[in-house]
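The sequence shown begins at 8 in my numbering and counts up by one. Don't be surprised by glycine CBs; every beta carbon is placed ideally from N, CA and C.
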Amino acid sequence: MKKMLLLFISLLGLAGWFSSAMAQTIDTSNPQAIQEVNLDTVRARISAKETFYLFIGRDDNVDAQLALAQLHEVETASAPILYLNVKGINAQAYKTFSKKYAIRSHAYLAKFSNRKQIAVYHNDWRADISQLLEFLTTNLT
8 MKKMLLLFIS
18 LLGLAGWFSS
28 AMAQTIDTSN
38 PQAIQEVNLD
48 TVRARISAKE
58 TFYLFIGRDD
68 NVDAQLALAQ
78 LHEVETASAP
88 ILYLNVKGIN
98 AQAYKTFSKK
108 YAIRSHAYLA
118 KFSNRKQIAV
128 YHNDWRADIS
138 QLLEFLTTNL
148 T
């Protein structure tokens, strides 16, 4: 009975550690790497014909966490990288935005320039970072 109780407690502890590790958010406080923005800011920058990369995700999503970790490893990009955390934003406003730009994933990266989405990163976030680096350093404008 003691062994079963010890095993149960160990499993609970491991499950708690795993869930807290998965729920950790990535620090986006470094303005040189990634700037966290809201949907209004994204729309304003698109309207202003700015060139930038937009990463869209939820800070509590595993794929988005993997993507943010890779994005934080990037030292240079051909344009600023913005992060739109969709957790807690207006669902209808985001639905309209995501429909306009055909956003259908939980971890989405695209380059915008001259009011248009000009490139989308389609690779798996578990893939080698070299593909991401190539996407971010290629000047597509």
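Close beta carbons around residue i, own chain, < 8 Å, minus the five adjacent residues each side
i, result
"I41", "T35, F62, L75, L78, H79, I88, L89, Y90"
"R122", "I53, S54, K56"
Where residue i falls: helix, strand or coil (DSSP)
i, result
"Y90", "strand"
"T145", "coil"
"I53", "helix"
"A84", "coil"
"S120", "strand"
Nearest residue (CA-CA) to residue i, options the options
i, options, result
"V127", "N121, A109, Q99", "A109"
"D67", "S120, A100, V93", "V93"
CB of residue i within 8 Å of CB of residue j, strictly
i, j, result
"H113", "A71", "yes"
"L139", "Y60", "no"
"L46", "W132", "no"
"L143", "V81", "yes"
Cutoff 6 Å; reference residue i; Cβ partners in own chain excluding five residues on either side
i, result
"G23", "Only weak support is given to the placement of G23: the predicted model assigns it a pLDDT of 49, under 50, and the value that follows is read from those uncertain coordinates. None."
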